[in-house]
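Take a look at the structure set out below.
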Amino acid sequence: MRIEGVEKLSNFYSLFFGTLGVGAAIVYNISRSRPGHSSIYLHIGLGALGYYTGDALNRYKQRAINQRMVVLQDYMARHPEDFVGQESKKFKDVFQPWTPVR
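Heads up, the sequence shown is in our numbering, so the first residue is 37 and it goes up one at a time.
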């Protein structure tokens, strides 16, 4: 069920960069000769920073895609003669004649 006005909380970039942030915290702890799970605040902070970075990247890409679509739709509306509907081809027109060799 989709609720109007509510977007998904997770997308690929947010999850990827959030996981990358938590992984960076683990690598940092291991490089300092500590257990990987120590200093949990670092995991939370870098995970949240990564999630926000991924969300910002997703919003930027979505805005660029939307802007491109608006430009294309405007061009198509202003020049309808360039975008005349084509007839759908039938398979008999696409396939070349074939005779089996036996």
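All residues carry an ideal CB built from backbone N, CA and C; glycine is no exception.
The way I'd put it, the stretch 109-119 doesn't touch the stretch 49-69; fewer than three beta-carbon pairs between them come closer than 8 Å. In the three-state scheme derived from DSSP, where H, G and I count as helix and E and B as strand, V120 is classed as coil. Rounded to the nearest whole angstrom, the CA to CA distance from Y96 to F52 is 16 Å.
Around the C-beta of A61, 16 or more other C-beta atoms lie within 10 Å, and the residue is accordingly described as buried. By the CB criterion at 7 Å, V58 and G90 fall outside the cutoff. Residue state for K126 is assigned as coil, using DSSP reduced to three classes. Rounded to whole angstroms, A100 and N47 show a C-alpha spacing of 17 Å. Nearest to H79 by alpha-carbon distance, out of G54, Q98 and Y88, is G54. Around the CB of Y77, fewer than 16 other CB atoms lie within 10 Å, so the residue is classed as exposed.
For S46, the three-state secondary structure derived from DSSP is coil.
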